[in-house]
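Visitor: Just passing along the structure, written as structure tokens.
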Amino acid sequence: MSRGQWAPAGELPWERNLFGAVSSAVRLADGRVLIAGGADGRLTAQDGTALFDPRSGVWAGAAPLRETRQTHTTTVLADGRVLVAGGCGGPVSYPARALDCAEVYDPVERSWSDAGRMGQARCGHSATRLPDGRVLVAGGTAARSRDSERSLASAELFDPASGRWTPTGTMLDARSLHPAVALPDGGVLVAGGWATTRHDWRGGAGLAYCERYDPASGRWSATGSFVAARAGHRLTALADGTVLATGGGDPDAGSQGLLDPYSRATT
Numbered sequence: 000m001s002r003g004q005w006a007p008a009g010e011l012p013w014e015r016n017l018f019g020a021v022s023s024a025v026r027l028a029d030g031r032v033l034i035a036g037g038a039d040g041r042l043t044a045q046d047g048t049a050l051f052d053p054r055s056g057v058w059a060g061a062a063p064l065r066e067t068r069q070t071h072t073t074t075v076l077a078d079g080r081v082l083v084a085g086g087c088g089g090p091v092s093y094p095a096r097a098l099d100c101a102e103v104y105d106p107v108e109r110s111w112s113d114a115g116r117m118g119q120a121r122c123g124h125s126a127t128r129l130p131d132g133r134v135l136v137a138g139g140t141a142a143r144s145r146d147s148e149r150s151l152a153s154a155e156l157f158d159p160a161s162g163r164w165t166p167t168g169t170m171l172d173a174r175s176l177h178p179a180v181a182l183p184d185g186g187v188l189v190a191g192g193w194a195t196t197r198h199d200w201r202g203g204a205g206l207a208y209c210e211r212y213d214p215a216s217g218r219w220s221a222t223g224s225f226v227a228a229r230a231g232h233r234l235t236a237l238a239d240g241t242v243l244a245t246g247g248g249d250p251d252a253g254s255q256g257l258l259d260p261y262s263r264a265t266t
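Note that the sequence shown ends on residue 266 in numbering that gives the first Met the number 0; no numbers are left out.
Have a look at this one:
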């Protein structure tokens, strides 16, 4: 394959829809790529797990998740295992069937094990590994009542050494479908996202507000804001310490993670 060109990379062993664009692929220590969960064409949560080997260019099925889930987070831990947390289970619904359970994949044992329960069920949240190995989970969406949802400002920490979840500082703004990125100083930046504003799945507002988390104090502080609100976008930490935000949708269109024909081309 010539540089600067795309080439086919095989077929997934099962149908998968990256609903919400939250549950992304992660790279394991041996170079393989892991994906787990997601949704099928009917937006029903899946338990499938697959591994891509870049040397052979082949996808292979792996041990399934213990719980079907979509719009969850997938985070590589310092010891090479992978943490999957939260998400929504079952068929797509309103309000969302947010999960509080988590599980860990061990590439050596090739199996999933229980990783406890978060203090708050959530989907569409963010998860970021801190320098000390803990994982910061923040925001997301959960049911408010039988016919309404709420966006979350709460955050919690997972300690792989103890397997325990503990609460930490609350964000300044409730948000979901937001990305987060680890900063060179050890802090975490969350930027933009979406917040529900009424008891209707289309009733939401995009956020331009950004904030950062300080692991030493467990507190959040406001930082610069986007020129325009965006949700479902990506944050990438660059070599000079700055952060690049790319893409995302027009959150005021009520897409809430669905395909948005008005996605932003700005950065």
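Think of the CB as a built atom: it goes at the ideal place given N, C-alpha and C, for glycine as much as any other residue.
Quick caveat: nothing in here was measured; it's all calculated off a predicted structure.
(1) Write down every uninterrupted run of the beta strand (DSSP E) in the stretch 204 to 245 whose length is 3 residues or greater and which is fully enclosed by it, in chain order.
(2) Given a cut-off of 8 angstroms, decide if residue 62 and residue 109 are closer than it, judged by their beta-carbon atoms.
(3) Nearest-angstrom Cα distance between residue 207 and residue 104?
(4) Look at residue 154 and residue 132 and say whether their C-beta atoms are less than 8 angstroms apart.
(5) Take the Cβ of residue 186 as the centre, count every other Cβ of all protein chains shown within 10 Å, and call the residue buried at 16 or more, exposed below.
(6) Could you compute how far the alpha carbon of residue 174 sits from the alpha carbon of residue 184?
(7) Under 7 angstroms Cβ to Cβ from residue 130, same chain only, skipping five residues before and after it: list those, please.
(8) What separation, rounded to the nearest whole angstrom, lies between the Cα atoms of residue 240 and residue 53?
(9) Give a yes or no on whether the C-beta atoms belonging to residue 68 and residue 98 are separated by under 8 angstroms.
(10) If you compare alpha carbons, which of 5, 48 and 221 is closest to residue 25?
(11) For residue 264, tell me which candidate among 236, 230 and 237 has the shortest Cα-Cα distance.
(12) Tell me residue 191's beta-bridge partners as DSSP assigns them.
Guide: Well, looking at it:
(1) 218 to 222, 233 to 236 and 242 to 245
(2) For this step, residue 109 is matched to residue 110 along the sequence shown. For this step, residue 62 is matched to residue 63 along the sequence shown. Result yes, Cβ atoms of residue 109 and residue 62 sit closer than 8 angstroms.
(3) As a first step, residue 207 must be located in the sequence shown, where it is residue number 208. As a first step, residue 104 must be located in the sequence shown, where it is residue number 105. The straight-line gap from Cα to Cα measures roughly 34 angstroms.
(4) Sequence index remark: in the sequence shown, residue 154 carries index 155 (1-based). Sequence index remark: in the sequence shown, residue 132 carries index 133 (1-based). Not in contact: residue 154 and residue 132 (Cβ atoms no closer than 8 angstroms).
(5) Numbered from 1 along the sequence shown, position 187 holds the residue referred to as residue 186. Buried: at least 16 other Cβ atoms inside 10 Å.
(6) Here residue 174 refers to the residue found at position 175 of the sequence shown. Here residue 184 refers to the residue found at position 185 of the sequence shown. If you take the alpha carbons of residue 174 and residue 184, they lie about 24 angstroms apart.
(7) Taking the sequence shown and counting its residues from 1, one reaches residue 130 at position 131. So the qualifying residues of the chain are 185.
(8) Residue mapping note: residue 240 aligns to position 241 of the sequence shown, counting from 1. Residue mapping note: residue 53 aligns to position 54 of the sequence shown, counting from 1. So the alpha carbons of these two residues sit roughly 29 angstroms apart.
(9) As a working mapping, residue 68 is identified with position 69 in the sequence shown. As a working mapping, residue 98 is identified with position 99 in the sequence shown. Taking 8 angstroms as the Cβ cut-off, residue 68 and residue 98 qualify as a contacting pair.
(10) Here residue 25 is taken as the residue at index 26 of the sequence shown, counted from 1. Of the candidates 5, 48 and 221, the one whose C-alpha sits nearest the C-alpha of residue 25 is 48.
(11) Along the sequence shown, one-based indexing puts residue 264 at 265. With distances taken between Cα atoms, residue 264 lies closest to 230.
(12) The residue given as residue 191 occupies position 192 in the sequence shown. DSSP, once it has assigned bridges, lists no residue as partnering residue 191.
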